[in-house]
């Protein structure tokens, strides 16, 4: 394999100055290559390159999701760990990133729209006052690094919520919430959950192939690692059409479909 340096990899992708960029990643293999070929031992290198690619006029988001709140476990704004990859954990430790406030679906954010995203107080995970709506309205992009749509295209649930699918419903969860001022109280937040009665199973990869066929997702394999850049705004209508006109068969499997 002829190795391509990571900076050159990012330059080959559809990422521009000023982009609003959501990162979904598993950097296990990428990081091994960085160690071997570039003597990089700090994942901050990856974050720094992404910041450079979009510039200070852009906005960079890492998912810092944690679902323990749904089991009644306290959410602590500073102490609750991300369960969505090592890059998100690294971003949470950096002083130039700020975490958004939802205890289930939060993000570590840097850049132009950092303060706006931090100011959001959405109680619904995927509502019209959530970061997902911001990504939609502002034509955000989603960069997938060595992950597939099945486990990483969380924006799908925003579309499902927007058109009220039959196989999900809004469910409230309550637990202790310790905010950024270290004040603790019992709070209620909701999540758009699957209907257990319909025996729902996600099956997202087929819709991803449709994105690629329609030119709104670009896939490149570099150093044997897949990189996918999605135009999130353009995915909305394709997902909506599949739900309304195809019983969501390219997205989910459920009883009675």
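Numbering (this note's numbering), first residue to last: 54 to 310. Glycine included, C-beta positions come from ideal geometry on N, C-alpha and C. Since the model is a prediction, treat every value here as computed from it, not as a measurement.
- prompt: From residue 262 to residue 271, what distance separates their C-alpha atoms?
  reply: Taking the first residue of the chain shown as position 1, residue 262 is located at position 209. Taking the first residue of the chain shown as position 1, residue 271 is located at position 218. In a straight line, the C-alpha of residue 262 is about 10 Å away from that of residue 271.
field: For residue 208 and residue 266, the rounded distance between their alpha carbons
entry: In the chain shown, counting from the first residue as 1, residue 266 sits at position 213. In the chain shown, counting from the first residue as 1, residue 208 sits at position 155. Rounded to whole angstroms, residue 266 to residue 208 spans 19 Å at the Cα level.
- request: May I ask you to report which of helix, strand or coil DSSP gives residue 206?
  value: Counting from one through the chain shown, the residue named residue 206 turns up at place 153. Reduced to three states, the DSSP call for residue 206 is coil.
For residue 104 and residue 241, the rounded distance between their alpha carbons: On the chain shown, residue 241 is found 188 positions in, with the first residue counted as 1. On the chain shown, residue 104 is found 51 positions in, with the first residue counted as 1. Those two C-alpha atoms are separated by around 34 Å.
message: I want to know whether the segment 199 to 213 touches the segment 119 to 127 - three or more CB-CB distances under 8 Å.
response: no
- request: Please list the segments of the beta strand (DSSP E) lying wholly inside the segment 244 to 298, counting only runs of 3 or more residues, in order along the chain.
  value: 270 to 275, 278 to 284
query: Apart from the five residues just before and just after residue 134, which ones in its own chain have a Cβ nearer than 7 Å to its Cβ?
result: In the chain shown, the residue the question calls residue 134 occupies position 81. Closer than 7 Å at the Cβ level, and outside the excluded window around residue 134, lie 119, 142.
field: Delimiting residues of the beta strand (DSSP E) encompassing residue 223
entry: Along the chain shown, one-based indexing puts residue 223 at 170. Start and end: 221 to 231.
message: Is the beta carbon of residue 253 closer than 8 Å to that of residue 127?
response: The residue labelled residue 127 in the question sits at position 74 within the chain shown. The residue labelled residue 253 in the question sits at position 200 within the chain shown. Contact flag unset, no.
task: Drop a sphere of 10 angstroms on the beta-carbon of residue 279, count the other beta-carbons inside from all chains shown, and report buried for 16 or more, exposed for fewer.
output: Here the question's residue 279 lines up with position 226 in the chain shown. Flag for residue 279 reads exposed.
query: Using 8 Å as the threshold, is the segment 233 to 250 in touch with the segment 175 to 185, meaning 3 or more CB pairs across them?
result: yes
task: Return the residue from the list 160, 129, 148, 153 that minimises the CA-CA distance to residue 137.
output: Position 84 of the chain shown holds residue 137. Looking at the Cα atoms, 160 is the closest of the given residues.
- prompt: Excluding five sequence neighbours on each side, which residues of the same chain lie with their C-beta closer than 6 Å to the C-beta of residue 233?
  reply: Position 180 of the chain shown holds residue 233. So the qualifying residues of the chain are 130.
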